[in-house]
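Note sheet for the following structure.
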Amino acid sequence: MFCKIFIVQKFFIVRPLCFGVNPGGMGAGTEAVLCCPRVLPRFPPSAGAGPALPASRGFAGKPWVGSLAMGMIFFCSPIVSIFTDRIGCRTTAAMGATIAFIGLLSSSFTKSLEVRYFTYGILFGCGSSFAFQPSLVILGHYFKRRLGLANGIVAGGSCLISVPLPFFLKMVGGAIGLAHTFQVLSALMLIQIFLSMTYRPILTPSCDSQHDGHDKLGSRSMRQQCWAQTRKYFNLRVFRRKTYRIWAFGIATAVLGYLVPYMNLVKYVEKRFQETKKDWILLVCLGAMSGLGRLVSGRIGDCIPGLKKIYLQVASFMLLGLLCMMIPQCRGFEGVIVICLFLGLCDGFFTTIMAPIAFELVGPMQASQAIGYLMGLMAVPMTAGTPIAGYLNDYFGNYDAAFYFAGVPPIIGGLVLSVVPLVHQRMLKKQRLDSGKDKMLVSEAVVNGELLPGCPASEAHM
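Under mature numbering (1 follows the signal peptide of the UniProt record, and there is no 0), residues -20 to -1, 1 to 442 are what the sequence shown spells out, in order.
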């Protein structure tokens, strides 16, 4: 019990350090320091702050550095799942935290924007992916009946850090400058290295399967062994499950416009309502309601049996799409605040039950790769949605078309996801019918006095 409590508590720190609390990310404030390129460019290069980027390029390029880091977190997820299965959650997370630490620390000494694309965008992004994804998998080793609640507590508790983090960074960055702020963040990432070392996986592959694999490899040529090892680690067995394929591609469709409201909401309010002093309220509303949604959805998810949990995601995506389309209809700043409250709630419901659903679909032994491939599929649409919205904004001269566009994919994705439980029930019904037919054939053969070949009468009832 103590080990379970400790695992949950340490993720309050681990997850916020891998994402960024900004008006965009994997949630109402998608946890950690990806806000740096969006919040910190405004900071003055105070004395002793270290090297500063050229003003002509630094301000325009830093948001793209953060976008690259966010994209790398998702693009690397399939590779992370392979490492997790191969070397375990502990080593993978510690290695990722180390890479992210090096990326943040080296970013504080860079003078070139191109170098920061590598140090922050690639190094920190890849490291964060390796550090974050094992936290989705390791909880399944410790919790079975209440996995949803555990995920909800972890995700909701991380909001206690992720919500005030951008305000803390803005205050610290204004006082000590961008370079020293990166060094502060690297110190926090150093803590995560030691936290990752406390992972203790419980589920291990069976020894029989390992011995069988070694015996089969011994009788094969070198080329066949290489191909077998490649297929072993780039395991695509999860895609053989029809329900997983529908679920994964449904979510990939839904997240095409997922980041658009979070990335453009503050600018939209400033442009339409000339509200520049209270825009921080939107971030607080998103983060607070996301935390509440994560706590509530985790508990509710445990009460819903099997794959019917997906209906929570269906409801959250459908409502998310409708809320995006309602943003241009708001006539006042207060209306946008109300929409932000519900946006955060929908975000909490979507993100928290993603891992429990993966465990339900493919089982605990394949959950790592199922989550990794899912996040890999999410990478392209999630990254592409924001530029598409930007082009729409430039073409029409306002954000209305961008918000309308952002509302369509979640609704389509929700409709696709609603099919998964129905397909699952249909497959189970077909299996029961097939097994029933087999039993009927065997029983009829015995009743008629006809024994199967090789089954003597003395062994018929043994």
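The C-beta atom is built at its ideal place from N, Cα and C for all residues, glycine as well. Source: prediction; values computed, not measured.
Would the beta-carbon of Pro401 fall within 7 angstroms of that of Leu287?
yes
Mind checking Cys187: buried by the 16 CB within 10 Å criterion, or exposed?
Only weak support is given to the placement of Cys187: the predicted model assigns it a pLDDT of 44, under 50, and the value that follows is read from those uncertain coordinates. That one is exposed.
Quick check for students: name the residue ranges of the alpha helix (DSSP H) that lie wholly in the segment 343 to 381, counting only runs of 4 or more.
347 to 376
Could you check the C-alpha separation between Ala338 and Ala347 for me, to the nearest Å?
6 angstroms
For Ser36, which residues from the same chain have a beta carbon less than 8 angstroms from its beta carbon, with the 5 sequence-adjacent residues on both sides left out?
A caution first: Ser36 carries a pLDDT of 41, below 50, which makes its placement in the model unreliable, though a value can still be read off. For Ser36, where only same-chain residues beyond five positions count, there are no Cβ hits under 8 angstroms.
Please identify the residue among Ile351, Ser166, Met243 whose C-alpha is closest to the C-alpha of Gly55.
The sequence shown places Phe at residue 55, rather than the Gly named in the question. Nearest option by C-alpha distance: Ile351.
For chain D, find out if any of its Cβ atoms is closer than 7 angstroms to the Cβ of Leu236; answer yes or no.
No chain D is present in this structure, which holds just one protein chain.
Spatial neighbours of Lys222 within its chain, please: C-beta separation below 8 angstroms, excluding the five flanking residues on both sides.
Val403, Met407
Write down the C-beta distance between residue 457 and Ala386 rounded to the nearest angstrom, noting that I regard them as a contact closer than 8 angstroms.
Given a span of -20 to 442 for the chain in the structure shown, any question on residue 457 remains unanswerable.
Selected residue, minimal CA-CA separation from Val45, among Phe98, Pro114, Met202:
Phe98
Could you tell me which uninterrupted alpha helix (DSSP H) segments, each at least 4 residues in length, are contained entirely in the segment 123 to 159, listed from first to last along the chain?
127 to 142, 145 to 156
Quick one: residues in its chain with C-beta nearer than 8 angstroms to the C-beta of Asp380, no 5 flanking neighbours on either side, listed in chain order?
Pro308
Cys139 beta carbon less than 7 angstroms from that of Gly267:
yes
Beta-carbon proximity check, Gln349 vs Val218, cutoff 7 angstroms:
yes
Rounded straight-line distance, which links the Cα of Trp260 to that of Pro146:
10 angstroms
Within the segment 202 to 284, note down every full beta strand (DSSP E) run reaching 3 residues or more, in order along the chain.
none
Please list the segments of the alpha helix (DSSP H) lying wholly inside the segment 70 to 121, counting only runs of 4 or more residues, in order along the chain.
93 to 96
Whole-angstrom distance between Tyr248 and Leu262, CA atom to CA atom:
12 angstroms
Does at least one heavy atom of the ligand FMN sit under 6 angstroms from the Cβ of Arg221?
The ligand FMN is not part of this structure, which contains no ligands at all.
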